[in-house]
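Visitor: No gaps in the numbering here: position 42 of the sequence shown is 105 in the numbering used here, and each next residue is one more. Mind having a look at this structure? Questions to follow.
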Amino acid sequence: MSNSVWQKSSYSGSNADCVEVRTVDGLIELRESDEGDVIVRTTAPKFAALLRGAKAGEFDHLITNP
C-alpha cells in the first residue's frame, strides 16, 4: 500500500485538535490535524514500543494538568 487514509484518534473527540496516523510504504506516519505539514515517520516496531510506553505511563511526567 503506497498511501492510506489518515485515521483520527478516538480520544480526539469531535474537535479539530487531534492526532492522526496512517501507513505509507510500510512505515507509520503520525501528525496533528492542525499541523498537517509536520509528519513523524517511524517503523511499526518502534511505533508499537511508543504505544506500549504510553499505555504504561512512561510519559505521564511530560503532561501538565490544567
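Glycine included, each C-beta is placed from N, C-alpha and C at the ideal position.
Check this for me: beta carbons of A112 and G89, under 9 Å apart or not?
Guide: Not closer than 9 Å, so no.
Visitor: Taking the continuous alpha helix (DSSP H) assigned at L114, which residues delimit it?
Guide: Note, L114: alpha helix (DSSP H), A107 to K118.
Visitor: Who are the near neighbours of S75 in its chain, counting only those whose CB is closer than 7 Å to its CB and skipping five residues on each side?
Guide: Counting only Cβ-Cβ distances below 7 Å, and skipping sequence neighbours, we find C81 and V82.
Visitor: Note down the Cα distance separating I91 from I102, rounded to an integer number of angstroms.
Guide: Rounded to the nearest angstrom, the two C-alpha atoms are 10 Å apart.
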